[in-house]
Ligand code: NDP
Ligand code: 2IT
């Protein structure tokens with residue numbers, strides 16, 4: 007390791023003990039930025055790297071609520087306001103039992119670079135709770151969301167901090183959160199994104215992350231004179247990002263053969279076509295069932311406790327969660343012919359897996375570039391809310407495609423090495439950094 011990265015990381019670890027995911031995300035960025043900053047000492051003099059790794063504000067709060075049996079339950083709520091140099095804090099809320107400070111700080115940190123890459127004026131933030139929506143009734147989810155927002159509403163606002171969805175937070179939760187914000191603040195505004203179409207939401211926002219990850223894969227393949235047409239893809243997860251990844255991939259002539267959840271993977275070598283996908287959407291979004299049921303319905307294999315990375319595929323779209331691809335998984339993927347990885351999830355590949363991709367020079371689009379389509383369309387939702395004028399599906403989708411192309415171009419600009427290989431990790435980290443760092447320099451020591 008570069009001794010300057012090591013020195014920097016020792017300080018980050020000492021200041022943020024017991025936060026392994028945050029350390030992991032910061033180290034990946036530091037490895038790209040330390041050599042870049044050496045050539046651009048103005049950032050070093052202003053200690054931008056030290057400042058950018060320190061959240062501007064962390065809010066931590068109690069979320070008490072009453073379950074259907076009448077018992078009191080207590081969860082913990084968080085909002086990390088990481089960086090507002092180029093716009094108000096923007097980023098999702100995650101409701102999942104694994105949520106803790108480390109995970110939310112890693113996600114907020116990634117969000118700063120991702121949002122900068124979109125070209126839209128958004129700072130970075132993230133929040134959530136260790137609340138588990140699984141197995142809860144709609145009423146329980148509503149009461150939890152109301153309690154969560156009762157505290158959160160003091161800290162956010164349409165020009166201050168604009169949350170959205172992430173794992174465990176979809177249209178239903180955004181609805182309950184928005185209702186409570188409006189009630190307490192007496193204000194109908196664009197304080198959240200991912201809203202319903204009838205009350206300020208944007209067309210294409212539900213689709214945007216998955217579609218964007220597929221557009222990004224297509225851009226990467228184009229650099230090698232190739233495309234997704236005829237490609238076989240392994241997709242993990244079966245939530246929002248996974249579903250719309252499968253949809254766009256199918257529309258572009260590719261074939262998705264897997265989906266998964268935290269219990270296991272379904273393998274359908276015939277492909278998950280539009281009809282099967284609408285069945286999955288009903289299963290996951292309305293019935294809130296498990297992906298295992300797909301195997302029974304369509305007569306394919308269910309691999310209990312397994313991830314999708316050992317099936318034969320050309321492309322992988324990890325779309326579930328962090329660190330879901332280990333070094334061994336990455337090696338297996340490559341042995342089976344996979345040569346494109348486009349990350350719908352945030353940090354799904356371990357650092358060792360990333361090393362495997364880079365050494366083999368495959369097309370690897372890291373999350374902060376490949377999954378930026380979601381927050382990009384959130385930015386477009388904010389624009390429409392401010393104009394009080396909705397755009398058509400086509401208008402939003404065209405803008406999304408343009409944004410994904412621009413992100414790809416930025417990665418190529420900052421990530422192309424002397425041998426012509428595009429290291430999208432360096433490209434995304436440096437490309438995302440420059441705009442934020444220059445804004446921080448211009449705004450003085452704040
Ligand atoms: P959803 O809640 O809609 O779906 C999450 C999916 O991932 C489910 O299938 C879930 O399975 C699975 N999953 C979650 N946690 C784990 C785990 N610890 N181990 C195995 N599987 C798990 O979330 P999204 O689709 O919105 O998010 C997926 C990923 O995409 C996350 O990394 C998120 O940060 C990222 N992302 C999301 C964006 C968005 O706009 N929604 C934007 C950019 C990135 P189970 O039901 O068993 O929990
Ligand atoms: O990780 C992400 O980019 C998101 N969960 C979406 C954030 C947003 O504000 O739309």
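Numbering (my numbering), first residue to last: 7 to 452.
C-beta atoms are modelled at their ideal positions from N, C-alpha and C, and glycine is treated no differently.
The Cβ-Cβ distance between residue 181 and residue 202 falls below 8 Å.
At a threshold of 7 Å, residue 124 does not count as near ligand 2, since its beta carbon sits no closer than that to any of the ligand's heavy atoms.
The C-beta separation of residue 431 from residue 360 comes to about 7 Å, placing the pair in contact by the 8 Å criterion. Considering only 145, 131 and 136, the residue with the shortest C-alpha distance to residue 166 is 131. At a cut-off of 4 residues, the continuous stretches assigned as alpha helix (DSSP H) that sit fully inside the segment 282-315 are 298-304. Residue 136 is positioned such that its CB atom lies closer than 8 Å to that of residue 105. For ligand 2, no non-hydrogen atom lies closer than 7 Å to the CB of residue 450. With a threshold of 7 Å, the Cβ atom of residue 140 does not count as near ligand 2, since no heavy atom of the ligand is closer than that.
Cβ-Cβ distances below 8 Å link residue 436 to 38, 39, 42, 420 and 421 in the same chain, with the five nearest sequence neighbours on each side left out; the list follows chain order. In the structure shown, the three-state DSSP call for residue 52 is coil. For residue 271, the three-state secondary structure derived from DSSP is strand. Within 10 angstroms of the beta-carbon of residue 268 lie fewer than 16 other beta-carbons, which makes it exposed. Here residue 24 is exposed: its Cβ has fewer than 16 other Cβ atoms, across all protein chains shown, within 10 Å. Cβ-Cβ separation between residue 99 and residue 185: approximately 15 Å, too far for a contact (criterion under 8 Å).
Taking 7 Å as the cut-off, the C-beta of residue 424 does not count as close to any heavy atom of ligand 2.
Assignment of residue 261 by DSSP, reduced to helix, strand and coil, places it in the strand class. For the options 292, 199, 220 and 371, the alpha carbon positioned closest to that of residue 141 is the one of 292. Taking the Cα of residue 144 as reference, the smallest distance to any Cα among 109, 183, 286 and 117 is reached at 183.
The shortest CA-to-CA distance from residue 233 to any of 338, 224, 241 and 239 is the one to 224. Contact between residue 373 and residue 354 holds, since their C-beta atoms are separated by about 7 Å, short of 8 Å. The beta carbon of residue 95 sits closer than 6 Å to those of 87, 129, 131 and 167, all from its chain and outside the five residues before and after it, given in chain order. If you check the CB distance, residue 313 and residue 334 do not come in under 8 Å. By the Cβ rule, the segment 316-326 does not count as touching the segment 281-297, because fewer than three pairs are nearer than 8 Å. Each residue's CA atom was taken as its position, placing residue 265 and residue 22 some 35 Å apart. Taken from the Cβ of residue 173, at least one heavy atom of ligand 1 lies inside 7 Å.
In this chain, the alpha helix (DSSP H) harbouring residue 41 covers 26-45. For residue 206, the Cβ stays outside the 7 Å cut-off from all heavy atoms of ligand 2. When DSSP states are grouped into helix, strand and coil, residue 139 belongs to the coil group. DSSP places residue 91 in the coil class of the three-state scheme, outside both helix and strand. Within the same chain, Cβ atoms closer than 8 Å to the Cβ of residue 55 are found at 14, 36, 39, 40, 43 and 49, the five residues on either side in sequence being excluded. Under the three-state reduction of DSSP, residue 164 is assigned to coil, being neither helix nor strand. In the DSSP assignment, residue 72 falls within the unbroken beta strand (DSSP E) covering 63-72. Of the other Cβ atoms in all chains shown, fewer than 16 fall within 10 Å of the Cβ of residue 194; this residue is therefore exposed. Apart from sequence neighbours up to five positions away, the residues of its chain that approach residue 439 with a beta-carbon distance below 7 Å are 39 and 119, ordered along the chain. In the structure shown, residue 195 adopts coil according to DSSP, grouped into three states. Distance from the CA atom of residue 189 to the CA atom of residue 71, rounded to whole angstroms, is 18 Å.
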